[in-house]
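Novice: Please read through the structure below; I'll follow up with questions.
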Amino acid sequence: MISRTVGAEAIHYFKTKNQHLTTPVSSDSQPYTIRDTRKITLEQIITRRLGNQVCEFISEQVNHMRLQDVFLCDTRKVNGILDSDIYTCSAIINLHRVNDYRRINKFFESVNMKLPEGGLFINNVETYETRKKRILKKFPRPFSYAYYLTDFVFTRIMPKLKLTKKLYFDITNGHGRVLTKAETLGRLYSCGFEVIEEKVIDDRLYFVAKKVKRPNFDMDPSYGPLIRLKRVGKGGKPIKVYKFRTMYPYAEYLQQYVFECNDLKEGGKIKNDFRISNEGKLLRKYWIDELPMLLNLLKGEMKLVGGRPLSSHYFGLYSKELQEKRIRFKPGLIPPFYADLPKTLDEIMASEMRYLEAYEKKPLVTDIKYLCKIITNIVVRGKRSS
């Protein structure tokens, strides 16, 4: 027999179509267990709940699997996964949106635990951008903007402040959480998944994530305005670099994913990086986000001029020769990039190699020379970060 867990709405629709129903099982949406060997059953439930387009999208992902290897559910609670009788399952499909999960990471970690390596998790989320458009369409101006401002304070600010976080969750129980695409996908990566497909259908982002490893169980995720990012320091040892947040929470887990999707633009930055917030773009333009790195300078982990501190992924894009030379010195607060203004990754590597070779011979003279050139480019020529 084939076991499936589905929501009450789907069951209500399906009772007249199928008699293979057993007694209810415990879950928040009062699901039942359906026993049916016909694939049309699974498709009818998804279509009734979320429409034809969603059904087609999901079917494309699992049509190569045996029916008994696909677990369908409609739940927002961790126990909806943990208490299920999944033993050998190649895919878990949850029809409930991520925005309503009380503990998102715990839910993702539970799915990870139930799946074998290579198993698929299919789910959906209403992103912050879509929510904003929906709210602004709800009422005429200026009422829509007043509504949006209230919503922004309640759903975006209150959950992040220690004084109001508990009140927010007491009121909402996590229901209707505002999530960006970057945070949702970043949480998936932190919980051991790799996103292999994504598609926007009816104003929701549907994703297919493959289990590639166990969760990181990060007990200190970067969620506040001041963050510490792991970077490659002198001797190849990791250091935690202080910065003001310019990306959405959990975005640091997505660097390789975004790079593979978008590649690099002129200046060595990732093209169309959806991880960066609007406020973050402004902070980056005037280097305000890098001011906290003065703490790393005072701690002796960085020096004033030198190659910028890189993530392990970006560091891996460099040539072996440059990697070896780079880790012989501390990273710098002010990189040689602003002296030479290279455009491509090859030009960036050549610029850093020139600086490091000159620094090896005359450290103080080289740093003074580069610092003067950088100040000229920024103050006189008006060069800015992007």
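Residue numbering for the sequence shown follows full-length UniProt numbering, beginning at 1 and increasing consecutively. Beta carbons: idealized from backbone N, C-alpha and C, even for Gly.
(1) Any idea what DSSP makes of residue 387, helix, strand or coil?
(2) Report all residues from its chain with a CB closer than 7 angstroms to the CB of LEU188; omit the five preceding and five following residues, and keep chain order.
(3) Under DSSP, the alpha helix (DSSP H) around PHE337 begins and ends at which residues?
(4) What first and last residue would you give for the alpha helix (DSSP H) that runs through residue 419?
(5) Between the alpha carbons of ASN272 and ASP69, how many angstroms are there, rounded?
(6) Report the three-state DSSP secondary structure of TYR257 (helix, strand or coil).
(7) Would you identify the three-state DSSP class for LEU345, choosing helix, strand or coil?
(8) Please report the straight-line C-alpha distance between SER277 and THR180, rounded to a whole angstrom.
(9) Can you name the residues that DSSP bridges to ILE201?
(10) Using the Cα positions of PHE337 and GLU117, report the straight-line distance between them to the nearest angstrom.
(11) Where does VAL380 land, buried or exposed, given buried means 16+ other C-beta within 10 angstroms?
(12) I need the boundaries of the alpha helix (DSSP H) containing HIS64, first residue and last residue.
(13) From ILE348, LYS303 and GLU301, pick the residue whose C-alpha is nearest to that of SER319; which is it?
(14) Thinking ARG354 and GLY332 are a contact (beta carbons under 8 angstroms), I'd like their distance in whole angstroms, please.
(15) Tell me the rounded alpha-carbon separation between ILE334 and GLY80.
(16) From ASN216, PRO292, GLU352 and LEU205, pick the residue whose C-alpha is nearest to that of ARG245; which is it?
(17) In whole angstroms, give me the CA-to-CA distance for LEU149 and PRO142.
(18) Using the Cβ count rule (16 or more neighbours within 10 Å means buried), how would you classify GLY119?
(19) If you pair each beta-carbon of the region 162-177 with each one of the region 82-96, do three or more pairs fall below 8 angstroms?
(20) Using DSSP's beta-bridge definition, name the partner residues of THR127.
(21) Quick check: PRO342 and SER351, are their CB atoms within less than 8 angstroms of each other?
(22) Cβ-heavy atom distance between LYS243 and the ligand PLP below 7 angstroms?
(23) Any contact between the region 231-240 and the region 311-331? By contact I mean 3 or more CB pairs, one from each, below 8 angstroms.
(24) Are the region 243-260 and the region 288-305 touching by the rule of at least three beta carbon pairs closer than 8 angstroms?
(25) Can you say whether SER27 is buried or exposed, counting buried as having 16 or more other CB atoms within 10 angstroms of its CB?
(26) Please classify ILE171 as buried or exposed, where buried requires at least 16 neighbouring CB atoms within 10 angstroms.
Specialist: Looking at the coordinates:
(1) No statement about residue 387 is possible, as the shown extent of the chain runs from 1 to 386 and does not include it.
(2) Result list for LEU188: PHE108, VAL195 and ALA209, in chain order.
(3) For PHE337, the uninterrupted alpha helix (DSSP H) run begins and ends at 337-340, by DSSP.
(4) Outside the shown range of the chain, which is 1 to 386, sits residue 419, and nothing can be said about it.
(5) Across the structure, ASN272 and ASP69 are spaced so that their CA atoms are roughly 37 angstroms apart.
(6) Here TYR257 carries a helix assignment [DSSP, helix/strand/coil].
(7) Looking at LEU345 - three-state DSSP - the assignment turns out to be helix.
(8) Rounded to whole angstroms, SER277 to THR180 spans 10 angstroms at the Cα level.
(9) ILE201 pairs with ARG204.
(10) If you take the alpha carbons of PHE337 and GLU117, they lie about 41 angstroms apart.
(11) Exposed, by the Cβ-count rule.
(12) That residue, HIS64, is in no alpha helix (DSSP H); it is neither H nor E in DSSP.
(13) It is ILE348.
(14) Contact between ARG354 and GLY332 does not hold, since their C-beta atoms are separated by about 14 angstroms, which reaches or exceeds 8 angstroms.
(15) One alpha carbon belongs to ILE334, the other to GLY80, and they sit about 50 angstroms apart.
(16) Answer by Cα proximity: PRO292.
(17) Here the alpha carbon of LEU149 sits roughly 11 angstroms from the alpha carbon of PRO142.
(18) That one is buried.
(19) Using a C-beta cut-off of 8 angstroms, the region 162-177 makes no contact with the region 82-96, since fewer than three inter-stretch Cβ pairs fall below that distance.
(20) Partner(s): LEU179.
(21) In contact: PRO342 and SER351 (Cβ atoms closer than 8 angstroms).
(22) With respect to the ligand PLP, the structure shown offers nothing to examine, as it has no ligands at all.
(23) Short answer: they touch.
(24) By the Cβ rule, the region 243-260 counts as touching the region 288-305, because three or more pairs are nearer than 8 angstroms.
(25) Confidence at SER27 is low in this model, with a pLDDT of 42, below 50, so its placement is unreliable and the value that follows should be read with caution. So SER27 counts as buried.
(26) Around the CB of ILE171, fewer than 16 other CB atoms lie within 10 Å, so the residue is classed as exposed.
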